[in-house]
Amino acid sequence: MTDAFALGGVAAKPAFLSKERIIARPGFNRWLVPPAALAIHLCIGMAYGFSVFWLPLSKAVGITAATACAPEMGFFEQVFASNCDWQISMLGWIYTLFFVFLGCSAAIWGGWLEHAGPRKAGVVSALCWCGGLMISALGIYTHQIWLLWLGSGVIGGIGLGLGYISPVSTLIKWFPDKRGMATGMAIMGFGGGAMVGAPLAAMLMNHFATSESVGVWQSFAVMAVIYFIFMMGGALAYRVPPTGWKPAGWTAPAAKSNNAMITKGHVHVDTALKTPQFWLVWAVLCLNVSAGIGIIGMASPLLQEVFAGKLIGVDLAFNQLSGAQLAEIAAIAAGFTGLLSLFNIGGRFFWASCSDFIGRKGTYFVFFGLGLALYASVPMLGHLGSLALFVLAFCIILSMYGGGFATVPAYLADLFGTQMVGAIHGRLLTAWAVAGVLGPVLVNYLREYQLSIGVEKAAAYDITLYILAGLLVLGFICNALVRPVAAKYFMSEAELAAERAHGEKSAPAASELEWSADPSSKPLVIAAWLVVGVPLAWGVWITLQKTVVLFQ
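Following the working numbering, the numbering of the sequence shown begins with 1 at its first residue and continues without gaps.
What follows is the structure in structure tokens.
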């Protein structure tokens, strides 16, 4: 007997975090779900902005300057040492752990999430992410870097994975008419998390910094509390539609060129891995992300080394610039990276929304076809000294990088159905983990090789960009090979009914499976969007202020 039933067979109220507890009632406004997802994604998206802590943490002992460890100290001695500062290379492992454990946790617990529901997954995500920040704060206070790796990297990384995929299935089911747009709104928040969190972290560190502390552990603790409030609010606001729900008056469109890929059946997560479509889409995401991550990693130094003195109106190569001039172009490059982050975020919503009209496969054809042309043209634009076109090319490239993340959940729903799309998406995110290693390694080692054989810095990126363009050719081919899933992979009616029964055994039968939003819910919707919209707008404003330097 489950906890959903009281003694005597009388149905009791479902557990607070259970899936059946959050099945929406007629009149529920589906536009309350995207801000709930954004509240979680804006918090966990700070993973992208953790580099703001590296420099302060690299002098946490010395305060004004780093206190180097003794040359004879081995790696493990440095891990447990509390009397000398950490190298940035050691801190960078947190970033690697983030995305390794994001992909692993999403793959391992994606199936559990489908049964447990987004509320329980969101709460666990909040506990892991914010608890990891608190463990990291303790690690900074005691100067034990292994606590940062464990807290933020491992435990926080698990929270990242669960938080990232928690709204996917729910949003797709709430917006069968706008699958791409719905997932684009949520995943846009993950891209924007650093845009809000990084300036917040900088303000907190400035506030807490003293002659005896760089103010980082206090900042971690405060951000953990703020994020916990936002993430719990988002998790508790989740609602799922009853099985069979659809918006009032909406009917699935007849098959046509842009939605011929949309299936009527549903594939189990374990069966999905046996289909060629899953691995083709896995390759599509991996290749798109590998190229994009490579660009993100090289964008700032590339701009500085290619244009060098031209950025400040002098005709000098990078290695001919003075310290003051290097500082000037570094500030311009910071504005450039800020602009790229805006296009990364905007592209997530724009391209995912476009995919509702031109289809997911067509959208990825645009990514790979247009991306190929842009990657191949960037070296020429650099040699011609066309800064405006160079910047425009990178902005479009980064918009498609973000768009790839936002479009893929709807692509999976089209191919495999909506029943287990969250779990399938979780398995697919292992492509992100692979790309997170492949892209930066490819770019960094190729650049070092080019410089070692005497290639000038301004030209050292040309071969790299052509190779990244080659990755897009492979992605184009993989996308072209994607076909509708064969009927043999679909769950039978009995299997589908059994799967839908998970987490809904004690839920009351839905009295209505088609409704419009209750008009009285509009003030609540406005308030919910303001809660997530105001911080996001503040982050955009801060980023725009930094970007202005690029155009002065």
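Note that beta-carbon positions come from the ideal geometry of N, C-alpha and C, so glycine has one too.
- Of the residues assessed, S353 falls on the buried side of the cut-off, its CB having 16 or more other CB atoms within 10 angstroms.
- Taking all protein chains in view, the Cβ of Y466 is surrounded by fewer than 16 other Cβ atoms within 10 Å, so the residue is classified as exposed.
- For V482, the secondary structure class from DSSP, reduced to helix, strand or coil, is coil.
- Of all alpha-carbon atoms in A198, G139, F28, W31, the one lying nearest the alpha-carbon of L536 is that of A198.
- Assignment of beta strand (DSSP E) within the region 148–235, counting only whole runs of 3 or more residues, yields no such run.
- Counting along the chain, the unbroken alpha helix (DSSP H) around R360 starts and ends at 360–384.
- Three or more beta-carbon pairs separated by less than 8 Å link the region 165–174 to the region 404–422, which places the two stretches in contact.
- Short of 6 Å from the beta carbon of A317, and not among the five residues preceding or following it, lie these beta carbons of its own chain, in chain order: A308.
- Looking from the CA of W174, the closest CA among L471, A498, P242, W146 belongs to P242.
- Under the three-state reduction of DSSP, V473 is assigned to helix.
- A straight-line Cα-Cα distance of about 24 Å links L342 and L471.
- Here D270 is exposed, its C-beta having fewer than 16 other C-beta atoms within 10 Å.
- Straight across, the Cα-Cα distance linking E495 with H115 is about 14 Å.
- F76 is classed as exposed because its beta carbon has fewer than 16 other beta carbons within 10 Å across all chains shown.
- Look at the region 236–289 and you find no whole run of beta strand (DSSP E) that is 3 residues long or longer.
- Listed in chain order, the non-local C-beta contacts of L55 below 8 Å within the same chain comprise I88, local neighbours out to five positions each way being set aside.
- When rounded, the separation of the alpha-carbon atoms in L162 and P519 is 33 Å.
- Within the DSSP secondary-structure output, W515 pairs in a beta bridge with P247.
- Out of F416, F190, V443, N344, the CA that lies nearest to the CA of V267 is found in F416.
- Distance from the Cα of G234 is smallest, within the candidate group T210, G323, G157, R119, for R119.
- From the listed residues A106, F28, M400, L160, the smallest Cα separation to N288 is found for M400.
- Per DSSP, T67 is not a residue of any alpha helix (DSSP H), being assigned neither H nor E.
- Of the candidates E305, V79, L481, A334, V79 places its Cα closest to the Cα of M90.
- A70 places its beta carbon 8 Å or farther from that of D85.
- Close CB contacts of R348 within its chain, under the 7 Å cut and outside five residues either way in sequence, are with G184, I187, M188, G191, G402, G403, F405, A406 (chain order).
- Around the beta carbon of L513, a 10 Å sphere encloses fewer than 16 other beta carbons of the protein chains shown; the residue is thus reported as exposed.
- Per DSSP, reduced to three states, the secondary structure at I23 is strand.
- Note on M73: under 16 other CB atoms within 10 angstroms of its CB, so exposed under the neighbour-count rule.
- When T96, I293, S521 are compared, the shortest CA-CA separation from G27 is found for S521.
- V485 places its beta carbon 8 Å or farther from that of V281.
- With 16 or more other Cβ atoms inside 10 Å of its own Cβ, M46 counts as buried.
- Around the beta carbon of S58, a 10 Å sphere encloses 16 or more other beta carbons of the protein chains shown; the residue is thus reported as buried.
- Per DSSP, the beta bridge partners of F490 are V267.
- Between L160 and the set I140, C43, I345, the nearest pair of CA atoms involves C43.
- Here P118 carries a helix assignment [DSSP, helix/strand/coil].
- With a cutoff of 8 Å on beta-carbon distance, D414 and M261 are scored as near each other.
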